[in-house]
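In our numbering, the protein residues as written are 3 to 132.
This is the structure:
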């Protein structure tokens, strides 16, 4: 584990990534989690077309509690993959140690090759800077 970083367990068995001493901004605290998701996508053959970041989404239930130091980031992806590649990515994401939520999955086949999927989905990540 990195110096200055520890993790906190929630009731689901997942952990919320915590950064000590506020050495990182809330936005920078998501770096390791971004890296894990991008590596997971690459390792499963899911190609990224676009990523959009929404720091501190207004409708997030964790943020609505106004607990100090808690941060949320919603990643909106457009990706290209086969069904099995996308399925492997989601399964591996569910196995991650860090707390995350999957929102709004939309999948449609590519017009020229029905074995290829164009998918749009949102993943919400959580950290705590203390």
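Each residue gets a CB set at the ideal place from its N, CA and C atoms; glycine is no exception.
Since the structure is predicted, the reported quantities are computational estimates derived from the model, not experimental observations.
Tell me whether the beta-carbon of residue i lies closer than 8 Å to the beta-carbon of residue j.
i, j, result
"residue 73", "residue 58", "yes"
"residue 82", "residue 118", "yes"
"residue 92", "residue 122", "no"
"residue 1", "residue 130", "In the structure as shown, the chain starts at 3 and stops at 132, and residue 1 therefore has no counterpart that could be examined."
"residue 76", "residue 124", "yes"
"residue 65", "residue 132", "no"
So the beta strand (DSSP E) residue i belongs to, where does it begin and stop?
i, result
"residue 20", "17-21"
"residue 1", "What is shown of the chain runs 3 to 132, which leaves residue 1 out entirely."
"residue 30", "Careful: residue 30 lies outside any beta strand (DSSP E) and carries neither H nor E."
"residue 69", "Unbroken run through residue 69: none, as it is neither H nor E."
May I ask you to report which of helix, strand or coil DSSP gives residue i?
i, result
"residue 55", "strand"
"residue 44", "helix"
"residue 116", "coil"
"residue 132", "coil"
Since residue i is in the alpha helix (DSSP H), which residue starts that stretch and which ends it?
i, result
"residue 101", "Careful: residue 101 lies outside any alpha helix (DSSP H) and carries neither H nor E."
Have a look at the options and flag the residue whose alpha-carbon is nearest the alpha-carbon of residue i.
i, options, result
"residue 120", "127, 84, 98 and 94", "84"
"residue 107", "126, 63, 70 and 36", "126"
"residue 55", "99, 90, 70 and 32", "32"
- Query: Would you call the stretch 40-49 and the stretch 99-107 in contact, with 3 or more CB pairs under 8 Å?
  - Reply: no
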